[in-house]
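Be aware that the sequence shown starts at 3, since it is given in the numbering used here, and climbs by one per residue.
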Amino acid sequence: MKLHVIDTGFFKLDGGAMFGVVPKTLWQRTNPADDNNLCTWAMRCLLIEDGNRLILIDNGIGDKQDARFFSHYYLHGDATLEKSLRAAGFSFADVTDVFLTHLHFDHCGGGVRYKDGNGALELVFPNATYWSNEDHWKWATEPNAREKASFLKENILPMQESGHLKYVQPSQPSPFSQFDIFYADGHTDKMMVPVIPYKGRKVAFMADLLPSTGHIPLPYVMGYDTRPLLTLDEKARFLQQAADEQYVLYLEHDSVNECCTVQHTEKGIRLGETFSLNEL
Ligand SMILES: [Zn+2]
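Now the structure itself:
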């Protein structure tokens, strides 16, 4: 089995929203903001190459929405989903599985696009099964007012309409031999965090359970989270085990660090080392 980093570029989000109740005087030490209080975030996906399976975890923001939408997010950087896949030796048609941690637009927008010339939508990965879970799917397609702006129908519905959608069953073992799944309900309902045994370690694709190294101290919880107290608990449990077992935490949104470890300290769990995945 081989893991490939799939960078899809950077975007910006409000620093305050990203750190919830933590004051800027604290979070700006790790995540400096621009004049508009925006911080830069990666959209770093992961490709698992294993025999005849090619599993892409999340797929970035895509390019379907209009200029007004993208004017809020300041997309930048040279990396794209297509270029990063090609650099790993693959095309869109090679991907067999698209595993979506959750359906917020910065995690699943790259999986659906407009066909050339007409307004119809099509899957970017024509031969792939797209994976979500039933509870999250319902949550995303009948959204609450607070998350509605993050669940965009054009990103989501074509997966089902094309017949390519399948559900992971939380009560069952992972349908993937390549990883286990940690379910987290604090950020959104039934977000899925893959934990992948790799080179004698466990690589955890942290999604929005831990967006960046700046989010390691427990109260550093995103303002976006729907159940912040639950995130506290889920983070505490997950990071405890991650420190005990020296997990490799793969950071989807950290603009600088691909991976990190965490360690126990007198103040609680703190950052261990940072490194890139191919240093493993
Ligand atoms: Zn999210």
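We put the beta carbon where it would ideally sit given N, CA and C, even for glycine.
Under the three-state reduction of DSSP output, residue 13 falls in the strand class. Check the Cα spacing between residue 159 and each of 172, 146, 140, 81: the tightest is with 140. Contact annotation: residue 45 and residue 72 have beta-carbon atoms that are not nearer than 9 Å. In the DSSP assignment, residue 51 forms a beta bridge with 4, 56. In this structure, DSSP gives residue 270 an extended state, which the three-state scheme calls strand.
With fewer than 16 other Cβ atoms from the protein chains shown falling within 10 Å of its own Cβ, residue 267 counts as exposed. As the crow flies, the alpha-carbon of residue 221 is around 12 Å from that of residue 211. Per DSSP, residue 73 lies in no beta strand (DSSP E) segment and is marked neither H nor E. Counting the other CB atoms within 10 Å of its CB gives residue 108 a total of 16 or more, which places it among the buried residues. Annotated as distal: residue 60 and residue 87, with beta-carbon spacing of 9 Å or more.
Relative to ligand 1, residue 95 has its C-beta separated by 8 Å or more from all heavy atoms. The secondary-structure analysis by DSSP pairs residue 182 across a beta bridge with 197. With respect to the C-alpha of residue 234, the residue from 223, 244, 228, 123 having the closest C-alpha is 223.
Nearest to residue 112 by C-alpha distance, out of 8, 16, 51, is 8. When the alpha-carbon of residue 186 is set against those of 162, 195, 180, the nearest one is in 195. The beta carbon of residue 138 sits no closer than 8 Å to any heavy atom of ligand 1. Counting every other CB atom within 10 Å of its CB across the protein chains shown gives residue 258 a total below 16, marking it as exposed.
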